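What follows is a set of notes on a single structure, which appears directly below.
Residue numbers (full-length UniProt numbering): 1 to 364.
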């Protein structure tokens, strides 16, 4: 057990913390794809939410038209004040295109749509995925507790240890050494902020409705980094907390392939470069890959020692190969394709909700 405080307020679970929290004043946003339909993990998430009784649950659904009715019917079996925002609704797609917001679909786009709707309905917004095998009834209250005490943003953190090995590879082997390499060169508050989080790529976070209206969100992967950038600008160190969520288990990805960790690195990297550009930080992309690999090598030795201390399996060669692969993704980001803040969006949350409903009605 430890009680170390970081640059942002860190709330530890000393003995099964289950704090009083304003769950009735919150909308819980759960991004879902059709593959999550009736999965054991998603079943656990929604069944657990029944015991939490949040004010609202908003499922941001990405699914083909022929799957929507089945997903909705399944979601209606849960005793929740739950609504579905169909992010692929044809009328919604037309409205987004008319507003100049057509572009790539992805988790970030789905969550952005839901943030606008949720922030218009509730005082607080919680976001978490539907695929956590270790989801617990304390997660939402723990994330909301700091907001009731005046914080504007709360981020979850946890250990990723399963099957006698360390996971969380994108976080451990890409994000952490990359940010440390940047810190070595740039004395910038944004980097100190990004380095203050124990699990910066965690998909579990909570915020005030006002903050939700002031986030610029990447369309695909990179949502978590984009969220941290907005939180730094509008909440800062003083109004940010991170919350212990214990151990975390969910599905693992391969390194290669269109949905693998390597491609995720590209998206996370792009989100990071856009956040740094907002803060006036300009990485040197000629030298950064080597600096990143040097920092990663130090961490690999530290992870190896930690794994050995705990009797876990650890493959240095595999981790080094991953680092080499991830280093190849470090490159200038190109055009900034982030979505606008809801405070400046050319479309209203009411329009998003109505166009989603029109599409849902057509599937019945």
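Beta carbons: idealized from backbone N, C-alpha and C, even for Gly. Just so we're clear, the structure is a prediction, and the values are computed from it rather than from any experiment.
In three-state DSSP terms, what is residue i?
i: residue 31; result: strand
i: residue 165; result: strand
i: residue 188; result: coil
i: residue 208; result: strand
i: residue 127; result: strand
i: residue 342; result: coil
i: residue 220; result: strand
i: residue 296; result: helix
i: residue 26; result: strand
i: residue 17; result: coil
i: residue 148; result: helix
i: residue 307; result: helix
i: residue 313; result: strand
i: residue 36; result: helix
i: residue 202; result: coil
i: residue 170; result: helix
i: residue 282; result: coil
By Cβ distance below 7 Å, which residues in the same chain neighbour residue i in space, the five residues on each side in sequence not counted?
i: residue 21; result: 141, 144, 145, 148
i: residue 65; result: 363
i: residue 359; result: 86, 89, 90, 91, 92
i: residue 169; result: 261, 322
i: residue 179; result: 191, 194, 195
i: residue 173; result: 296, 319, 322, 323, 326
i: residue 79; result: 50
Looking at the secondary structure, which residues open and close the alpha helix (DSSP H) in which residue i lies?
i: residue 264; result: 261–278
i: residue 184; result: 176–185
i: residue 74; result: 65–75
i: residue 230; result: 223–234
i: residue 325; result: 316–327
i: residue 362; result: 349–363
Using a C-beta cutoff of 7 Å, does residue i count as contacting chain D?
i: residue 311; result: Although the question refers to chain D, the structure presented lacks it and comprises just one protein chain.
Just curious, the beta strand (DSSP E) that residue i is in, first and last residue?
i: residue 5; result: No beta strand (DSSP E) contains residue 5, which DSSP labels as neither H nor E.
i: residue 246; result: 240–247
i: residue 155; result: 153–159
Excluding the five sequence neighbours on either side, which residues of its own chain have a C-beta within less than 6 Å of the C-beta of residue i, listed in chain order?
i: residue 312; result: 164, 165
i: residue 2; result: none
i: residue 129; result: 203
i: residue 6; result: 196
i: residue 254; result: 260
i: residue 356; result: 85, 86, 89, 92
So residue i and residue j are supposed to be a Cβ contact under 8 Å. How far apart are they, rounded?
i: residue 31; j: residue 111; result: 5 Å
i: residue 270; j: residue 333; result: 4 Å
i: residue 224; j: residue 200; result: 7 Å
i: residue 239; j: residue 151; result: 5 Å
i: residue 248; j: residue 230; result: Rounded, the Cβ-Cβ distance is 23 Å, inconsistent with contact.
i: residue 344; j: residue 274; result: In fact, because the Cβ distance is near 16 Å, the residues do not count as touching under 8 Å.
i: residue 34; j: residue 71; result: 6 Å
Excluding the 5 residues flanking residue i on each side, which residues of the same chain have their C-beta closer than 8 Å to its C-beta?
i: residue 4; result: 10
i: residue 314; result: 165, 166, 303, 304, 307, 308
Taking only heavy atoms of the ligand GTP into account, decide whether any of them is closer than 6 Å to the Cβ of residue i.
i: residue 191; result: Annotation note on the ligand GTP: not contained in the displayed structure, which lists no ligands.
message: Quick check for students: name the residue ranges of the alpha helix (DSSP H) that lie wholly in the region 39–121, counting only runs of 4 or more.
response: Qualifying alpha helix (DSSP H) stretches, in chain order: 40–52, 65–75, 90–98, 107–121.
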